[in-house]
Amino acid sequence: MKSLVSELKSEILKEEFAEIRSRSTPAVCGAFEKQIKVKSAEVAKMKATLKKMGNFIVGQSPPSNSGMVTIWFNPVGVNL
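95 is the number of the first residue of the sequence shown in our numbering; add one for each residue after it.
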């Protein structure tokens, strides 16, 4: 039973990581940086997920009028 639960969690994390990778775009401020836009209420969760993936958080923008925040990060392997 325990392995089934851990397999399911692993599969969910893989899907979540794939979704984050597909939503992120290259940032204009750095050669290796990427950026992702999230609702301001989801910033802490997204930062934790990015760190769990092994990314280095570079910074974030203040919330825009639409309530979105941009998070800039370096993908795994390019932490300078």
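Note that beta-carbon positions come from the ideal geometry of N, C-alpha and C, so glycine has one too.
Once DSSP output is grouped into helix, strand and coil, what is the label at residue i?
| i | result |
| --- | --- |
| V137 | helix |
| F111 | helix |
Beta-carbon within less than 7 Å of residue i's beta-carbon, same chain only, minus the 5 sequence neighbours each way: which residues are those?
| i | result |
| --- | --- |
| T119 | K128 and Q129 |
| G148 | V170 |
Excluding five sequence neighbours on each side, which residues of the same chain lie with their C-beta closer than 8 Å to the C-beta of residue i?
| i | result |
| --- | --- |
| K145 | I151 |
| S134 | P157, G161, M162 and V163 |
What are the boundary residues of the beta strand (DSSP E) that residue i is part of?
| i | result |
| --- | --- |
| G189 | In the structure as shown, the chain begins at 95 and stops at 174. Residue 189 is therefore absent and cannot be evaluated. |
| N168 | M162 to N168 |
Within a Cβ cutoff of 6 Å, which residues of the same chain sit near residue i, ignoring the five residues on either side of it in sequence?
| i | result |
| --- | --- |
| Q154 | V163 and I165 |
query = Any chance the stretch 114-128 sits against the stretch 154-161, with 3 or more Cβ pairs inside 8 Å?
reply = no
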